[in-house]
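This report refers to the structure that appears directly beneath it.
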Amino acid sequence: MNYHISKIVDYKFDEAITRATEELKEKGFGVLTEIDIKKTLKKKLDVDFKKYKILGACNANFAHKALLAEDKIGTMLPCNVIVEEHEDGSVEVSAVNPMASMQAVKNEKLGPIAEEVQSSLAQVITNI
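The sequence shown begins at 5 in our numbering and counts up one residue at a time.
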């Protein structure tokens, strides 16, 4: 099982971020954090890196269900979505596959919740 769901998109980097944010909103996710890896690595390490942003997305309903089933699941929240620009100029959008990460947690109650989240995130990636 792959730990991410990915798609190369026909958008420039900034437009892909906008589209990803809009599609997440359509599925009930809000973007709680936005981490600009390129900017952070330049500032902290003075290294150049490709355009790469991490969007920390959260769907409050899914998060609430997961937290009720497993109180330490917060260590795996929020659901990260990344937008990255490759060397050839193509832009890829990827989301975590919660089914893969939930395999590490031995709690049968999380399976159905992870399936719901995975389905929603897969639709987000497909729709971008």
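Glycine residues also receive a C-beta, built at the ideal position from the N, C-alpha and C atoms. Fair warning: this is a prediction, and the values are worked out from it, not measured in the lab.
**Request:** Quick one: grab the DSSP three-state call for L36.
**Result:** As a first step, residue 36 is located in the sequence shown; it is residue number 32 there, counting from the start. Strand at L36.
| request: Report all residues from its chain with a CB closer than 6 Å to the CB of C83; omit the five preceding and five following residues, and keep chain order. | output: Residue mapping note: residue 83 aligns to position 79 of the sequence shown, counting from 1. Same-chain partners within the cutoff: A61, V100.
Who pairs with K11 in a beta bridge, going by DSSP? Stepping through the sequence shown from its first residue, residue 11 is reached at position 7. DSSP output for K11 lists V97 as bridge partner(s).
Practice prompt. Below 7 Å CB to CB, which residues in the same chain sit around I9 once its five sequence neighbours on both sides are set aside?
Written response: For the purposes of this step, residue 9 is identified with residue 5 of the sequence shown, where counting begins at 1. Closer than 7 Å at Cβ, skipping near neighbours: S98, A99, N101, L125, A126, I129.
Query raised in the report: So, is V95 buried or exposed, given that buried needs 16 or more other C-beta atoms within 10 angstroms?
Result: The count along the sequence shown starts at 1 and reaches residue 95 at position 91. V95 should be labelled buried.
Taking a contact to mean a Cβ-Cβ separation below 8 Å, would you say Y7 touches S123 in this structure?
The residue labelled residue 7 in the question sits at position 3 within the sequence shown. The residue labelled residue 123 in the question sits at position 119 within the sequence shown. Not a contact, by the Cβ cut-off of 8 Å.
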